[in-house]
Amino acid sequence: MHRTVLNMARRMIFAIGLPLYFWGDAVLDATYVLNLSPSSANPKRMSPLEMLTGEIPSISDIVVFGSPCTIYRSPGKRAWKPQADIGIIVGKHDETKGYKVYIPRERVVVTTQHVKNVEKLDEDGNRHFQGQLRREDLTLKNFMPEHEKVGKRKEQLTFNASND
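Position 62 (the sequence shown) corresponds to 62 in the UniProt record's numbering; numbering is contiguous.
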């Protein structure tokens, strides 16, 4: 099980392009997901949590590790500061119902329930969002997977070839 958790966490970190200092958060998130997932090692393919409690666990609050998001920040005494920040989900908080979100501009991790997952934006919105994240924290890599870049390039080549 140890290798399964570490392999899953490693894939999460490298697939998204997060810095390695998020490895602890990736391990916690991988463990959380595996504990809710059905397992062939258990009778009737029950999840470990279902074996423990006897109830089928809810997976409604699982979000994609490393997914870009926006969070609401109460302005409080900072009246002239933005009320929303762009961040990256790095896990679920153990003691609250909130999510842990890394804010690249401030280089901090905050816990909040006020998360809007922006993966559902159109492609142009996602590209704009990814560019803004890269500008705010240069240690982050491009969030667009390699296969999407290759697909776009192929389409451009096909389009150019048909114009000749």
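Ideal Cβ positions, reconstructed from N, Cα and C, are used throughout, including at glycine.
Residues near residue i in its chain [Cβ-Cβ closer than 6 Å; skip 5 each side]
i      : result
Val115 : Cys69, Ile71, Tyr99
Ala30  : Val5, Met8, Ala9
Tyr102 : Gly87, Ile88, Val90, Val109
In DSSP terms, what residue i is bridged to
i      : result
Lys44  : None, per the DSSP bridge assignment.
Pro57  : DSSP output for Pro57 lists no bridge partner at all.
Lys97  : Per DSSP, none; premise fails for Lys97.
Lys116 : Thr70
Val109 : Tyr102
Nearest residue (CA-CA) to residue i, options the options
i           : options                     : result
Ile88       : Arg11, Ile16, Met8, Met1    : Ile16
His2        : Phe22, Asn35, Tyr21, Leu20  : Asn35
residue 165 : Gly66, Ala79, Ile86         : Residue 165 cannot be examined here, being either before or after the span of the chain that is shown, 1 to 164.
Arg107      : Ser39, Tyr21, Ser60, Trp80  : Tyr21
Arg105      : Gln113, Leu28, Ala84, Ala41 : Ala84
Ser47       : Gln113, Ser74, Pro38        : Pro38
Val64       : Val33, Ser40, Thr112        : Val33
Sub-9 Å separation of residue i and residue j beta-carbons
i     : j     : result
Lys92 : Ile62 : yes
Leu18 : Val90 : yes
Leu28 : Asp94 : yes
Continuous beta strand (DSSP E) stretch holding residue i: start and end
i     : result
Ala84 : 84–92
Bounding residues of the alpha helix (DSSP H) (the contiguous stretch that carries residue i)
i     : result
Tyr32 : 23–36
Val5  : 2–16
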